[in-house]
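Taking it in order: structure first as structure tokens, then the write-up.
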Amino acid sequence: MPNVLRRPWLWAWLAAAATFAATLALGSGRGAGGLAYAALSFGAFAAIVGVGQMLVITLGPGNVDLSIPATMTLSATLALKAMDGAPDTVLLGLGVALLVGLGTGMANFALIFLLRLPPIIATLAASLVYQSLAIWSNRGLRVKPPQALAEFATGRTLEIPNVALVGLALSIGVWIVLERGVWGRWLLAAGQNPRAARLAGVPVERVRATAYLSVSVFAAVAGFLLASFSGGAALNMGAEYLLMSIAVVIIGGTSIAGGFSNVPGIWGAAFFMFLVVSMLNTYGAGAGARSVLTGVIIIGIVIAASSRRNHA
Amino acid sequence: MTLFSRYRILLPIASLALLLAVTFYVQPRTMSYFGLNLLFNLAVPIALATIAQMLIIMVNDIDLGIGAFVSLAACVAATFLEQSPLIGAMIMAALILSYALMGAMIHALALPAIVVTLGMSFVWGGLALFLLPSPGGTSPAWLRAIMTVKPPLMPMALVAACLIAGVTHWLIARAGIGTVLRGVGGNADAVRRAGWSLVRLKALAYGLAGLFGVLAGMALVGLTTSADANIALRYTLLSIAGVILGGGEFTGGKVSPAGAVIGALTLALAASFLSFMRLSPDWQIGAQGAILIAVLAARLLFNGRDGARR
Amino acid sequence: MDEPALQPTGPSRETAPLVTLTDVTKRFGAVTALNRVDLDIRAGECLGLVGHNGAGKSTLVSLINGALAASSGRVDFPASSADHALAAGVRSVFQELSLCPNLSLAENLRIAHADLRGWGWRRRAGAEIEASLDTLFPGHGIAADALVETLSIAQRQMVEIAIRFSPLGGAPKLLILDEPTSSLDAGIANQLLEAITRFCDDGGAVVFISHMLGEIFRVASRILVMKDGHIVADEAADHFTRQGLVDVMGHVATAPESDSEASPRQLGDVLVEQAGLQARRGEIVGLSGLAGHGQAEALARLYLDATSAWRETGTPPMVFVAGDRKRDGLLPLGSILHNISLSFLATTARWGLVDRASERRVGDEWQRRIGIRTQTLSNPILSLSGGNQQKVLFARALASAAPIVIMDDPMRGVDVGTKQDVYALVRAEATKGRTFLWYSTETEEVCQCDRVFVYRNGAISAALSGDALTEAKILEASFEMQESEA
Chain A
76 MPNVLRRPWL WAWLAAAATF AATLALGSGR GAGGLAYAAL SFGAFAAIVG VGQMLVITLG
136 PGNVDLSIPA TMTLSATLAL KAMDGAPDTV LLGLGVALLV GLGTGMANFA LIFLLRLPPI
196 IATLAASLVY QSLAIWSNRG LRVKPPQALA EFATGRTLEI PNVALVGLAL SIGVWIVLER
256 GVWGRWLLAA GQNPRAARLA GVPVERVRAT AYLSVSVFAA VAGFLLASFS GGAALNMGAE
316 YLLMSIAVVI IGGTSIAGGF SNVPGIWGAA FFMFLVVSML NTYGAGAGAR SVLTGVIIIG
376 IVIAASSRRN HA
Chain B
20 MTLFSRYRIL LPIASLALLL AVTFYVQPRT MSYFGLNLLF NLAVPIALAT IAQMLIIMVN
80 DIDLGIGAFV SLAACVAATF LEQSPLIGAM IMAALILSYA LMGAMIHALA LPAIVVTLGM
140 SFVWGGLALF LLPSPGGTSP AWLRAIMTVK PPLMPMALVA ACLIAGVTHW LIARAGIGTV
200 LRGVGGNADA VRRAGWSLVR LKALAYGLAG LFGVLAGMAL VGLTTSADAN IALRYTLLSI
260 AGVILGGGEF TGGKVSPAGA VIGALTLALA ASFLSFMRLS PDWQIGAQGA ILIAVLAARL
320 LFNGRDGARR
Chain C
42 MDEPALQPTG PSRETAPLVT LTDVTKRFGA VTALNRVDLD IRAGECLGLV GHNGAGKSTL
102 VSLINGALAA SSGRVDFPAS SADHALAAGV RSVFQELSLC PNLSLAENLR IAHADLRGWG
162 WRRRAGAEIE ASLDTLFPGH GIAADALVET LSIAQRQMVE IAIRFSPLGG APKLLILDEP
222 TSSLDAGIAN QLLEAITRFC DDGGAVVFIS HMLGEIFRVA SRILVMKDGH IVADEAADHF
282 TRQGLVDVMG HVATAPESDS EASPRQLGDV LVEQAGLQAR RGEIVGLSGL AGHGQAEALA
342 RLYLDATSAW RETGTPPMVF VAGDRKRDGL LPLGSILHNI SLSFLATTAR WGLVDRASER
402 RVGDEWQRRI GIRTQTLSNP ILSLSGGNQQ KVLFARALAS AAPIVIMDDP MRGVDVGTKQ
462 DVYALVRAEA TKGRTFLWYS TETEEVCQCD RVFVYRNGAI SAALSGDALT EAKILEASFE
522 MQESEA
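Chains as they are written, first to last, in the numbering used here: chain A, 76 to 387; chain B, 20 to 329; chain C, 42 to 527.
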């Protein structure tokens, strides 16, 4: 088999390209440029949270962050509140968002490490608290993002949406760390075999802590951007990103069993998830058909990946 | 070994009793038939969904799709079951069967349960949208009658909770087949060596989970009289929390049906309780999270060194 | 699930063997674990099975109880004409217990006895397990409704044995007991030995594996000695003496001369001192004794205590060479190079980024020095043979600058050539001042060390060095030579 066919990100990108073509063929009402632009804009948010989730999932079975939606909402709410729509407060808002991300990440890992809770239940329980914090601080508030920030989030540079550029920059950063960095090697080692990694001198707990901090920070940034993009924070703004973050990681070719991650695939999967919805909309399919198809595709990909693994 | 680690069920009971005592103290009027009914109003479907989740956790898997599945069952109950009971019953049976098949597939192909159930949640959700694109439907009259019946002495929700706890305790903790199913969680190899088919056992566990998921959907419709495709999505997380609150663990087949029901009651009560408090209703969710963390932290304290091994 | 009731043995079958192995061979890949073995086991026999680690004992019993299928040859059950071991009444007490820790005794019995159903099964199961425990271990003090996880290791072992001895709707015909007394104290072990004798007197058959030679001589009517996949002796028990048995098991010929050509090394200060284990700078310290007697645990504890899961200290204080490659060593998805470089990545990195040039250089150097047979180090680790994978783990450890190297039985499944390469490498590195702690299950290997600690039952039973360091002494210290009551 030629080398390129074995690239795990290939299938996500092929699927995205196929749905792109199928959508255009049916005449979506907007041209290829418009569709690509929309995919880049909306795919960027899924990609950012997906890259974060990927780091945690790479740690191996049982590792997943279910607090992503709550962290997104909390970071967006607190950041917008801190900025209060005033100009020249963008950096303050970003700072608040990053602090929220660090805070939730530390809280999550504290529950996992100190109370020895399984990550699923720890992040779930913590997310309920974050959600309430967000509701409480958001109460009765309809704060708009500062004008400049809103313009940036919805704007474009060189015909590429700014949010996509931010997402790409973050992804490239993670990619470099994973492909070239010592930490990336450690993460992959810990995910493949934590005991072997520990016995080879990898500081496994530190790697785990960093991964859980990173996913929260990425979620916080995504929430901050999404609120700026859509003109304000909403309490349910993160809801769809729980399942989305896990789905793009798996479709993108990252192994659910841990120890193998893939950044380009996440972008392919994020485009694909958006384009499937666009395509089915174009075909006039209802929300139900879209959802069923999404589920079937996810399971199909998991089965294909597992049979490939078993035959290897 | 402490008292609490010897009798795993004590901690959930203590948590529920404490919460109930505080509720009575804050709002004495709840100490009545009507008050209790109000407090535990929505507990029955949560308890049923929690049992479903517990059956999956019992065999060392986790179900991220149970909320969507319960929603779908509720939509079927509010449409087909109401209009043509026979077809409705057949659809429900098909749903249970598909859960069993899902379990068999997860085991036979060695798939990660967390992803398969997540993918299936999209399927269940989509099917529910087919049935009810917008909120609507009607509860079958008999279902409504069952869920709103006013038994003497104790409100319906508590009677039903006791019933569910009793039946599932018998099935899982007492009966032979439940014992074997728990054995799968404890040491699947030992069960296989003794000559059992693990695929069949997993299918059985998932099939039972499907049955309780269907029951949860029906109970929910009986209470709310109508349904929508998103009606029970939060049950996924609630059910996981309920199992753990009830003294269950994610691995090792250590689950307690009665504990799971009590965990579900605790979650329902926590929601009702906080609406009686002067605290903003916005804190209800957060308080549930805080209670969850507190109980889990308490488990760590009570379980002492056993749990501290790394 | 379907365990047919055992047929009563007809008179014509009285003398037929319970199990017959005819010319049975078992291969795992290129390794022949069992080579053309013939064996009959008859009712009333108690077969003591002895031999070194890797002699083929476990493979032999796995073929009898059906856990493994033979590569060639036949396994039959003439006495019952059953077609599988379970139906022939063959029961096994496994070394890794087959109990569900989350269930009670009675519930565990229920899993082993599928036909136990209907109302009151729990009471009947409880009675069955209690009766079995009472017969085997009078005064055991274990309740039938206790959860297995609340029991001590010894109690679990007793329950495991008791379940296999109970009727389970039929009757046990042949019991395979693999080191059943390893976690029992002398009194309980004694009860078990008496029960085994009774069981055989009543017409049952037993295969008894133990490293306690005293126990073997007490219960066995016939002793089978295995070595390198062959049965090297199979005679009535009274044909053996203890010393004779040790001699048959071990290698009689020894060639310690190869050692003397190595120039004596200067040993430095004591670097390691933990739980009686001691090592000096430049010393090669061996850990010996039978497998599973605490050597691997002692080494893992030593390593984990000396290193941190949070800090990363540049040059590590010690490195670890795993013998259980799959569990403790390999990163199965990585390349050969990434598997090697894990131990020194952090020391050569700049700005947190891997210095790929020096990684490649060090990797190539070690490929040459240790002879990893592959075209390029970019190949996946799993493309290598087991021996070459083990070389990768050696390269990983030796490529770091750590002063202490821990080796946890690293020569499992490694061919002779590789072994010679590694011995030479270890001696060379020790001469440069590195300290080695080397656990091996192969006695001639540890005989090349400067000093050897022999483990038995989780503790050091002897420290040998100089002239006292002989294979015979190690064997003697590994086996319990006294009677178990002592």
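Note that the Cβ used here is the ideal one computed from N, Cα and C, for glycine as well. Just so you know, these numbers come straight off a predicted model, no measurement behind them.
Q) Which whole runs of the alpha helix (DSSP H) in the segment 82-116 of chain C are 4 residues long or more, in chain order? A) 98-105
**Q.** Separation of ALA290 of chain B from LEU264 of chain B, as counted between CA atoms
**A.** 15 Å
Q | Terminal residues of the beta strand (DSSP E) in which GLN416 of chain C lies | A | From DSSP, GLN416 of chain C is part of no beta strand (DSSP E); its letter is neither H nor E.
Q: Using the Cα positions of VAL323 of chain A and PRO159 of chain B, report the straight-line distance between them to the nearest angstrom.
A: 40 Å
Q | Proximity below 8 Å, CB of ARG366 of chain C to CB of LEU434 of chain C | A | yes
Q: Output the distance between the C-alpha atoms of ALA145 of chain A and ALA157 of chain A, rounded to the nearest integer angstrom.
A: 18 Å
Q | Nearest to SER173 of chain C (by Cα), restricted to the options C:PHE249, C:PHE206, C:ARG468, C:GLU483 | A | C:PHE206
Q: Would you list, in chain order, the members of the segment 377-395 of chain C that have their beta-carbon closer than 7 Å to a beta-carbon of chain A?
A: HIS379, LEU383, SER384, LEU386, ALA387, ALA390, GLY393, LEU394, VAL395
Q) Any idea if LYS169 of chain B is buried or exposed, counting beta-carbon neighbours within 10 angstroms, 16 or more meaning buried? A) exposed
Q) Mapping DSSP to helix, strand and coil, what is TYR358 of chain A? A) coil
Q: May I ask you to report which of helix, strand or coil DSSP gives SER207 of chain A?
A: helix
**Q.** is_contact[GLN267 of chain A, chain C] using C-beta, thresh 8 Å
**A.** yes
Q | Status (buried if at least 16 other CB within 10 Å, exposed otherwise) for THR167 of chain B | A | exposed
Q) Going along chain A, which residues have a C-beta under 8 Å from GLU470 of chain C? A) Chain A residues near GLU470 of chain C: none, gap ~18 Å exceeds 8 Å.
Q: Using a Cβ cut-off of 7 Å, pull out every chain A residue sitting near GLY144 of chain B, in sequence order please.
A: SER366
Q | Continuous beta strand (DSSP E) stretch holding PHE477 of chain C: start and end | A | 476-480
Q: Quick one: list the residues of chain B neighbouring ILE152 of chain C, beta-carbon separation under 8 Å, in chain order.
A: THR198, VAL199, GLY202, ALA209, VAL210, ALA213, TRP215
Q.
Quick check: the Cα distance between GLY161 of chain C and ALA194 of chain B, rounded to an integer number of angstroms?
A. 10 Å
Q | Closer than 9 Å at the beta carbon, the chain A residues around GLY499 of chain C | A | Here the premise fails: no neighbours, minimum Cβ distance about 21 Å.
Q: Could you check if ALA392 of chain A is buried or exposed, using at least 16 other CB atoms within 10 Å of its CB as the buried criterion?
A: In this structure chain A extends from 76 to 387, so residue 392 of chain A is not present and cannot be described.
Q. Does the segment 362-370 of chain A come close enough to the segment 166-182 of chain A that 3 or more CB-CB pairs lie under 8 Å?
A. no
(Q) Under 8 Å, with one C-beta from each stretch per pair, do the segment 82-90 of chain B and the segment 135-143 of chain B reach the 3-pair mark? (A) yes
Q. Using the rule of at least 16 other Cβ atoms within 10 Å of the residue's Cβ for burial, across every protein chain shown, is PHE269 of chain B buried or exposed?
A. buried
Q | Start-to-end residues for the alpha helix (DSSP H) that takes in LEU233 of chain A | A | Run containing LEU233 of chain A: none; DSSP gives neither H nor E here.
Q: Might you give, ordered along the chain, the residues of its own chain that have their beta carbon closer than 8 Å to the beta carbon of SER384 of chain C, omitting 5 neighbours on each side?
A: PRO357, VAL360, ARG437, ALA438, ALA440, SER441, ALA443
(Q) Ignoring anything shorter than 4 residues, give me the alpha helix (DSSP H) runs that lie fully in the segment 195-265 of chain B, in order along the chain. (A) 195-212, 217-243, 254-264
(Q) Taking only three categories from DSSP, how would you classify THR356 of chain C? (A) coil
Q. So, are the CB atoms of ILE82 of chain C and LEU75 of chain C less than 8 Å apart?
A. no
Q) Does any residue of chain A bring its CB to less than 8 Å from the CB of ASP450 of chain C? A) no
**Q.** chain C contact residues for LYS221 of chain B, given Cβ-Cβ distances below 9 Å
**A.** Going along chain C, no residue has its Cβ under 9 Å from LYS221 of chain B, so there is no contact; the nearest lies around 15 Å.
Q. What in chain A is Cβ-close to GLY86 of chain B, meaning under 7 Å?
A. Ordered by position in chain A, no residue passes the 7 Å Cβ test against GLY86 of chain B, which lies about 11 Å from the chain.
**Q.** Cutoff 6 Å; reference ALA277 of chain C; Cβ partners in own chain excluding five residues on either side
**A.** ARG263
Q: Pick helix, strand or coil for LYS156 of chain A, following the three-state DSSP scheme.
A: helix
Q. In three-state DSSP terms, what is VAL395 of chain C?
A. coil
(Q) Are the CB atoms of LEU263 of chain A and GLY313 of chain A within a distance shorter than 8 Å? (A) no
Q) Counting contacts by CB-CB distance shorter than 8 Å, is ALA127 of chain B in contact with chain A? A) no
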